[in-house]
Amino acid sequence: MTKQASLEGDTPTPAGELKKKEQVSLCCRTFSRSFPGMERDSHSEDTLSTMVLENVKNKLIHAFRVTAESRAGQREAGGGSGVGRSQQANEELRRAQIDGALTWLRSELLEMRSQDVQLAQTLLGLNTEIQRLRRESFGGLEVQGDDQQ
1 MTKQASLEGD TPTPAGELKK KEQVSLCCRT FSRSFPGMER DSHSEDTLST MVLENVKNKL
61 IHAFRVTAES RAGQREAGGG SGVGRSQQAN EELRRAQIDG ALTWLRSELL EMRSQDVQLA
121 QTLLGLNTEI QRLRRESFGG LEVQGDDQQ
């Protein structure tokens, strides 16, 4: 079975997930024995992250396949043109609402980014001012200390 075929198959079972985790654990132990100087944690985290991402990918593929199949089944079962048009109009309305929400989110993110830049500039300015004041206060103490001797 090819990797592509396995991705298009059903979602992995919990037993399959457990077996994969055991294989990853065994692989990490073997790796750490073979290369004692290498960090085992980063390798196992990378492998585990890859497994999690593949699992999410498989679930998404499965969800979209089920959704597409159910839509096709509804179209075939519906038969009536009025019902199909109503569903199509509802789908277009839903997509328009989603697009509107995405546009709003993008504008909010851009606004947050500009505020973030402004805050960073303010913090840098404050840090510079604090450093200047520290230099002045320490410089003044050193001068006073020299006068007392």
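Here the sequence shown is numbered in full-length UniProt numbering, starting from 1 and rising by one per residue. Beta carbons: idealized from backbone N, C-alpha and C, even for Gly.
Straight-line CA distance for residue i to residue j?
{"i": "H62", "j": "Q131", "result": "57 Å"}
{"i": "N90", "j": "V83", "result": "11 Å"}
{"i": "residue 165", "j": "T47", "result": "Any answer about residue 165 is impossible in this case: the structure gives the chain only from 1 up to 149."}
{"i": "L109", "j": "F138", "result": "43 Å"}
{"i": "K59", "j": "T122", "result": "44 Å"}
{"i": "L102", "j": "Q88", "result": "21 Å"}
{"i": "R94", "j": "Q115", "result": "31 Å"}
{"i": "L119", "j": "K57", "result": "37 Å"}
Using C-beta distances below 8 Å, list every residue in its chain close to residue i, excluding the 5 sequence neighbours before and after it, in chain order.
{"i": "E136", "result": "none"}
Within its chain, find whatever has a CB closer than 7 Å to the CB of residue i; leave out the 5 residues flanking it on each side and keep chain order.
{"i": "Q148", "result": "Note that Q148 scores a pLDDT of 48, beneath 50, so its modelled location is shaky; the value from the coordinates is reported in the next line. Nothing meets the Cβ criterion."}
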